[in-house]
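Novice: In mature numbering (1 follows the signal peptide of the UniProt record, and there is no 0), the protein residues as written are -18 to -1, 1 to 559. All C-beta atoms, glycine included, are put in the ideal place defined by N, C-alpha and C. Bear in mind the structure is a predicted one, so any value in this text is a computation, not a measurement.
(1) Please determine, among 164, 34, 43, 170, the residue with the shortest C-alpha to C-alpha distance to residue 22.
(2) Please classify residue 318 as buried or exposed, where buried requires at least 16 neighbouring CB atoms within 10 angstroms.
(3) What residues in its chain sit with their C-beta under 8 Å from that of residue 70, if we drop five residues either side in the sequence?
(4) Look at residue 152 and residue 185 and say whether their C-beta atoms are less than 9 Å apart.
(5) Figure out for me which residue from 361, 414, 490 has the closest Cα to the Cα of residue 139.
(6) Can you tell me whether residue 501 is buried or exposed, with buried defined as 16 or more other CB within 10 angstroms of its CB?
(7) Do residue 239 and residue 564 have their beta-carbon atoms positioned less than 9 Å apart in this structure?
(8) Please state if the CB of residue 286 and the CB of residue 423 are separated by a distance shorter than 9 Å.
(9) Using the beta-carbon count (16 or more within 10 Å), is residue 272 buried or exposed?
(10) Between the Cα of residue 55 and those of 63, 83, 77, spot the shortest distance and give me the residue it belongs to.
(11) Using the Cα positions of residue 299 and residue 380, report the straight-line distance between them to the nearest angstrom.
(12) Helix, strand or coil: how does DSSP classify residue -11 here?
(13) Hey, quick one: how far does the beta strand (DSSP E) through residue 41 stretch, first residue to last?
(14) Just checking my contact of residue 128 with residue 110 at CB under 8 Å: how many whole Å lie between their CB atoms?
(15) Nearest to residue 363 by alpha carbon, out of 35, 275, 342, 496?
(16) May I ask which residues mark the beginning and end of the beta strand (DSSP E) holding residue 159?
(17) By the DSSP assignment, the beta strand (DSSP E) with residue 427 in it spans what residues?
(18) For the region 274 to 285 against the region 224 to 242, do three or more pairs of beta-carbon atoms, one drawn from each stretch, fall closer than 8 Å, so that the two count as touching?
(19) Pick out the complete beta strand (DSSP E) segments inside the region 178 to 258, 3 residues or longer, and give them in chain order.
(20) Determine the burial state of residue 453: buried for a count of at least 16 other Cβ atoms within 10 Å of its Cβ, exposed for fewer.
(21) Which residues in the same chain as residue 160 place their Cβ atom closer than 6 Å to its Cβ, once the five residues preceding and following it in sequence are excluded?
(22) For the beta strand (DSSP E) that contains residue 59, what are its first and last residues?
(23) Counting along the chain, where does the beta strand (DSSP E) carrying residue 387 start and finish?
(24) So residue 10 and residue 367 are supposed to be a Cβ contact under 8 Å. How far apart are they, rounded?
(25) Ignore the nearest five residues each way along the sequence and tell me which others in residue 448's own chain have a CB closer than 8 Å to its CB.
(26) So if DSSP puts residue 414 in a beta bridge, which residue, or which two residues, is it bridged to?
(27) Using CA coordinates, which residue listed in 183, 333, 175 is at the minimum distance from residue 191?
(28) In whole angstroms, what is the alpha-carbon distance linking residue 64 and residue 48?
(29) What would DSSP say about residue 409, mapped onto helix, strand or coil?
(30) Just verifying my parser: in three-state terms, what is the DSSP assignment at residue 74?
(31) Is it true that the region 330 to 348 meets the region 32 to 41, where meeting means three or more beta-carbon pairs spaced less than 8 Å apart?
(32) Just confirm the distance between the C-beta atoms of residue 405 and residue 282, as a whole number of angstroms; I'd bet it's less than 8 Å.
(33) Got a sec? Which residues, its chain only, sit under 8 Å from residue 53 by beta carbon, not counting five neighbours each side?
(34) Out of curiosity, what's the CA-to-CA distance linking residue 421 and residue 144?
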């Protein structure tokens, strides 16, 4: 009897557990707004090559939180070609008629502000991605239910500034080129750099800046000439790789291809590819080519690559995810076959749509976990503020491990690398995250001489080169500058020296001759003189003078005449004493 009761209890308990594990926690409606007509918009973030990123993100999220398997998700989508007035009506319908619980898109900047205001009013979680995040969204922190999973150009510029300061490269030139086909991304970067670096970092002196339009040889020569006079650190952002190549060749032609020069190539397209997918920025793809690929490729030696990092997370699945998009779009709920088959890969920003959806599903799962064993998913999803409180922290996305701040914006992570394999690949040396106005650096080298600066002979490039920007500190000596003039000076000096020497010899000889002449004039033969004491006429002369002299004088003179010996003797020459 006891065994039967125990068996009955186990059967009931198992049935209850099984029922609980399979009982739906409720229905959550997911709204998606994407463009579908404009080819340019579709390339970046279109419905036929992006929408299935949401359903794929749900699959991955369920693998990480099985509680989500008990939630019934319904998907509602609508098309908008970045027209704000239409977006307002569509969003009103999605929130009030369709009763969606979360919104992905619209991905355009022109419609983002409309969506943000409506979402905030209805307490509806809104996850932004795509071109809506390229421009800075002011006061985004005031929108408590709006989350952006895209990195920002303002963060990129702040990271660049911190990098320049770290290497003490403080005199810089900034050169950009923007293309409408590439969403004007380098133009946005240029404006952010102008605003934040020139005004926000006193340590950095932007000595030259130009958003280029004219790429004629003459203008490129002028631009590189101007830069060469002012700096050796050049920050470059070119939306088109052929323009980047033209600029680097102009620098090559101007002799700006030495270890003194630092070119920081800012790759701001927010994908995992180096410069551009399946292309080498220094190769000429025109027909016929200009034949200068070797010269252009040689410039990679002096270039650094700075880009948004996709390190970590599930970024290893990035390419597989992109090429699997046509297959995913054929599956429910989209069932898109003919229209979607012409796209063999996802849109450029579909990985960020994946991360947006993944972030929401993970956040919803965390909210469910914190509300008991059988939470009401519909009620929890209705509380947008509650769900978004779980959207902060670090998450493993398709675009790498990303961190969402308390302002519900992504803290951008950047990589600073050198090129190898003729520019097809890069070696990352510095990985850093931008938080506010600062950056946290993770440096992967200990000796820069043998790593990041090895191709430069192990020497760290200086802000001001040893010889100055125009060799003003290393002027050639007069001998190097004018060897012919120096030779004339030497010859002239030798001639002057010889003339002076000859003149001195001449004067010496003349002096000797004058001395000999004087000596000859005063020379006398010893035999011609006699002692005064022996001179017979001396007595007569003495006597004739006695009458004039006193007795004492006579006595003195007499003794003088009679003196025959002594140190001094008086002689007479020709009767002259």
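Specialist: Per the coordinate set shown:
(1) Closest option to residue 22, Cα to Cα, is 164.
(2) Flag for residue 318 reads buried.
(3) Its chain contains 96, 100 as the residues whose beta carbon lies nearer than 8 Å to that of residue 70, once the 5 sequence neighbours on both sides are disregarded; these appear in chain order.
(4) The answer is yes: Cβ separation under 9 Å.
(5) In terms of CA proximity to residue 139, 414 leads the group 361, 414, 490.
(6) The residue is exposed, with fewer than 16 neighbouring Cβ atoms inside 10 Å.
(7) With the chain covering only -18 through 559, there is no way to say anything about residue 564.
(8) Contact check for residue 423 against residue 286 fails: the beta carbons are separated by 9 Å or more.
(9) Around the beta carbon of residue 272, fewer than 16 other beta carbons sit within 10 angstroms, so the residue counts as exposed.
(10) Nearest neighbour of residue 55 by Cα position, chosen from 63, 83, 77, turns out to be 83.
(11) Here the alpha carbons of residue 380 and residue 299 stand approximately 7 Å from one another.
(12) Low per-residue confidence applies at residue -11: pLDDT is 42, beneath 50, and the placement is therefore not dependable enough to give any value.
(13) Element bounds for residue 41: not the beta strand (DSSP E) but the alpha helix (DSSP H), 34 to 46.
(14) The pair is a contact, with the Cβ atoms about 7 Å apart (cut-off 8 Å).
(15) Cα-wise, what sits closest to residue 363 is 342.
(16) Note, residue 159: beta strand (DSSP E), 153 to 159.
(17) Element bounds for residue 427: n/a, residue is neither H nor E.
(18) Between the region 274 to 285 and the region 224 to 242 there are three or more C-beta pairs closer than 8 Å, enough to call the two in contact.
(19) 187 to 193, 215 to 220, 244 to 249, all fully within the region 178 to 258.
(20) It is exposed - the Cβ of residue 453 has fewer than 16 other Cβ atoms within 10 Å.
(21) Excluding sequence positions up to five before and after residue 160, its CB lies within less than 6 Å of the CB of 166, 168, 169, 221, all in the same chain and listed in chain order.
(22) Residue 59 -> beta strand (DSSP E) spans 53 to 61.
(23) DSSP places residue 387 outside any beta strand (DSSP E), giving it a letter other than H or E.
(24) Not confirmed; about 16 Å, so no contact.
(25) Closer than 8 Å at Cβ, skipping near neighbours: 455, 456.
(26) Residue 414 pairs with 396, 423.
(27) Ranking 183, 333, 175 by Cα distance to residue 191 puts 175 first.
(28) Each residue's CA atom was taken as its position, placing residue 64 and residue 48 some 36 Å apart.
(29) In the displayed model, residue 409 falls within a strand according to three-state DSSP.
(30) If DSSP states are grouped into helix, strand and coil, residue 74 belongs with the helices.
(31) Yes, the region 330 to 348 is in contact with the region 32 to 41.
(32) Confirmed, Cβ separation roughly 4 Å.
(33) Once the five neighbours on either side are set aside, the close Cβ partners of residue 53 are 6, 7, 8, 9, 10, 346, 350, 359.
(34) Distance between the alpha carbons of residue 421 and residue 144 is about 7 Å.
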